[in-house]
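Taking it in order: structure first as structure tokens, then the write-up.
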Ligand code: ADP
């Protein structure tokens, strides 16, 4: 079983590359952003709580997302491998994920970290906001807040996995296919 974290700031291309990776490798895709947006659409109490944070560009509390991940892992005992997209986003989430995977006698195999300059991120997110229907993509202030959350809380995830030598940086600028091929090369090395 191979489990991958696709890591990177908002707008670094995690969603785009995840779609291509799950098609090729048949991983079970777990995107906490997508899960949270489904909860919001279904107007669940979790969704209503999460929306307050997401609309401000802040991270949703750890216990909320960790609980959600735990449910998805439980619900997918047959998965050949998981592709985590947008999770973990704090050191506490990383530790909780490692514990959950350990209970299932598996672990994170690889953290693929997409690197993109801040100017390019803001440009991409504002552009996405024109069509995505995502309220957190429309306003530059909220986008900057998300990037600051990333720098203050999420970059620690890469540091956490570096101590286990699991992190590989991939340049996230260039063509979608070129970046995809770089990611596949690293995954194939692990198969
Ligand atoms: P992006 O990475 O492009 O900002 P996502 O869809 O991954 O988009 O996340 C959107 C928002 O959902 C985040 O700004 C945050 O508020 C919330 N969110 C998603 N995943 C997590 C997580 N693992 N922990 C806390 N909040 C999260």
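Numbering (this note's numbering), first residue to last: -4 to 186. All C-beta atoms, glycine included, are put in the ideal place defined by N, C-alpha and C.
Taking residue 166 and residue 110 to be in contact with their CB atoms under 8 Å, please state how far apart those CB atoms are, rounded to whole angstroms. Looking up residue 166 in the chain shown gives position 171. Looking up residue 110 in the chain shown gives position 115. That belief holds up - the Cβ atoms of residue 166 and residue 110 are roughly 6 Å apart, short of 8 Å.
Between the region 7 to 23 and the region 63 to 80, are three or more C-beta pairs nearer than 8 Å? Contact between the region 7 to 23 and the region 63 to 80 is present, because at least three Cβ pairs lie under 8 Å.
Starting from the Cα of residue 23, find the closest Cα among 3, 47, 52, -4 and give me that residue. What you label residue 23 is simply residue 28 of the chain shown in a count that begins at 1. Sorting 3, 47, 52, -4 by C-alpha distance to the C-alpha of residue 23 places -4 at the top.
Should residue 141 be counted as a contact of the ligand ADP given a C-beta to heavy atom distance under 7 Å? On the chain shown, position 146 is the one that residue 141 refers to. Checking the Cβ of residue 141 against the ligand ADP gives yes.
Beta-ladder partner(s) of residue 48, from DSSP: Reading the chain shown from its first residue, position 53 is the one you call residue 48. Answer by DSSP bridge pairing: none, since residue 48 is not bridged.
Distance cut-off 7 Å: residue 93 Cβ against heavy atoms of the ligand ADP: The residue labelled residue 93 in the question sits at position 98 within the chain shown. Within 7 Å of the C-beta of residue 93 there is not a single heavy atom belonging to the ligand ADP.
What separation, rounded to the nearest whole angstrom, lies between the Cα atoms of residue 59 and residue 67? Translated into the one-based positions of the chain shown, residue 59 becomes position 64. Translated into the one-based positions of the chain shown, residue 67 becomes position 72. Those two C-alpha atoms are separated by around 13 Å.
So does residue 83 have its beta carbon nearer than 7 Å to some heavy atom of the ligand ADP? Locating residue 83 in the chain shown gives position 88, where the first residue counts as 1. The answer is yes for residue 83.
Hey, is residue 53 close to the ligand ADP, as in C-beta under 7 Å from one of its heavy atoms? Numbered from its first residue, the chain shown carries residue 53 at position 58. Result yes, Cβ under 7 Å from the ligand ADP.
Using DSSP's beta-bridge definition, name the partner residues of residue 23. As a first step, residue 23 must be located in the chain shown, where it is residue number 28. 77, per the DSSP bridge assignment.
Measure from the alpha carbon of residue 127 to the alpha carbon of each residue in 32, 72, 62, 3, then state which is nearest. In the chain shown, the residue the question calls residue 127 occupies position 132. It is 32.
Which runs of the alpha helix (DSSP H) at least 4 residues long sit entirely within the region 64 to 114? Give them in chain order. Listed in chain order, they are 86 to 98.
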